[in-house]
Amino acid sequence: MEPEKELDLIDLLKLLGNSIGKGISAISRFIMWFIKFCVKNWYILLVSVAFGIACAFYFSQSKFSKYEGIIVVENNVESTPEFYTEVQSLASYMNNDNTSFSSKFGVSTEIGKKIFRLEPLYIYTSEDEGLYNFIDEKKKYSDLEPHQQKFAILIKTNDRSLFPFLKTALYKYFENHPYFKGRNVARLNFLDVQQRTLQNEIATLDSLKKLEYFEANSKTKNLKMDNALLIGESNTQLYHTNILEMMEKLQRTKIDIETRNSVVTISSDFQIKSPQNARVKSLVLFGSAFFVIGFCLALFIRHRNKIKEFLK
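Counting in our numbering, the sequence shown runs from 1 upward without gaps.
Here is the structure:
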């Protein structure tokens, strides 16, 4: 029984080897035929490829180019999903002439017509996935938690010089949005109250520090001041810790008021990709396409009589 199994295995290997050999031989014959055919019909192929190259140079002109730019925005009010949804809502107004979109976006119709795509993108940071501020253009990480204070916006246009204007338009759109504007006013009011409260608390603690009885009774009395409990000389560090924490919080509040006083902050300006119909890409695309067309044309001319007979 074992010898029969070994024999079957040997036969199977031989059959497999023969099949592979025939396949390689067939591929080799096809390559040789293809090369000979191209050599015999070189003039047709040359004209076709030359025409394709001419088309590539024509359509790779700047007037036919489409540019994609991605801008990173830091949201100072609400969380990223609210802004993400708002950008999607704005993009839903886009149509053939972008008239409604232009009105909603606050730009002229002429500029609106030059915008072909507007899309919000989430940003992810994940140690497990090895991501840090990664802009998910292909929606690969939708199962992860996105960055809650940053998001990106992709815009596609045929006018590269338009991006600085679009940055300003996006900023104004969010600044003038009734909901976000109202939330930002409330946030700034809160920060202002918080700043004044912290300043008053720090001033109070600082004045108490100078009281004579503080030192006289530091070893025997307990003193409670605005959540800072001082118990004898050994715990005077609590007082200093408390005032330092307040000063740090006050500094952060001042920074927020001064640098994050708008609805959004442009974290990173537009990063513009190479145009979609870049010259090299166009040469490869049109050159290959017209080579195939030329090859089919040469094949038709060479076998036109057989084709006529077949069609009769």
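Ideal Cβ positions, reconstructed from N, Cα and C, are used throughout, including at glycine. Please read these numbers as outputs of a predicted model, since none were measured by experiment.
DSSP, reduced to helix, strand and coil, places G69 within a strand of the structure shown. Contact annotation: I266 and I24 have beta-carbon atoms that are not nearer than 8 Å. Distance from the CA of A186 to the CA of H177, rounded to the nearest whole angstrom, comes to 14 Å. Judged by DSSP in its simplified three-state form, K36 adopts helix. The C-alpha of E68 lies about 10 Å from the C-alpha of F116. Taking the Cβ atoms as the reference, A56 lies roughly 4 Å from F286, within the contact range of under 8 Å. Residue burial is scored here from C-beta neighbours: S89 has fewer than 16 other C-beta atoms within 10 angstroms and is therefore classed as exposed. Residue state for V263 is assigned as coil, using DSSP reduced to three classes. In the DSSP assignment, F291 falls within the alpha helix (DSSP H) that extends over 279–302. The stretch 165–180 makes contact with the stretch 93–109; the number of CB pairs closer than 8 Å reaches 3 or more. Taken atom to atom, the span from the alpha-carbon of S19 to that of C296 is near 30 Å. Per the DSSP secondary-structure output, Y84 pairs with nothing in a beta bridge. For E119, the enclosing beta strand (DSSP E) starts and ends at 115–121. V77 is positioned such that its CB atom lies closer than 8 Å to that of F180. Judged by DSSP secondary structure, L154 falls within the beta strand (DSSP E) whose first and last residues are 150–157.
For A289, same chain residues with a beta-carbon under 8 Å away, outside a window of 5 residues either side, are G52 in chain order. By the C-beta density criterion, E201 is buried, having at least 16 other C-beta atoms within 10 angstroms. The beta carbon of S142 is closer than 8 Å to those of Y122, D136 in its chain, skipping five residues each way along the sequence. Within its own chain, the residues whose Cβ lies closer than 8 Å to the Cβ of R279, once the five positions on either side in sequence are excluded, are A56, F57, S60, listed in chain order. The three-state secondary structure of L144, taken from DSSP, is coil. By the Cβ rule, the stretch 241–258 counts as touching the stretch 187–206, because three or more pairs are nearer than 8 Å.
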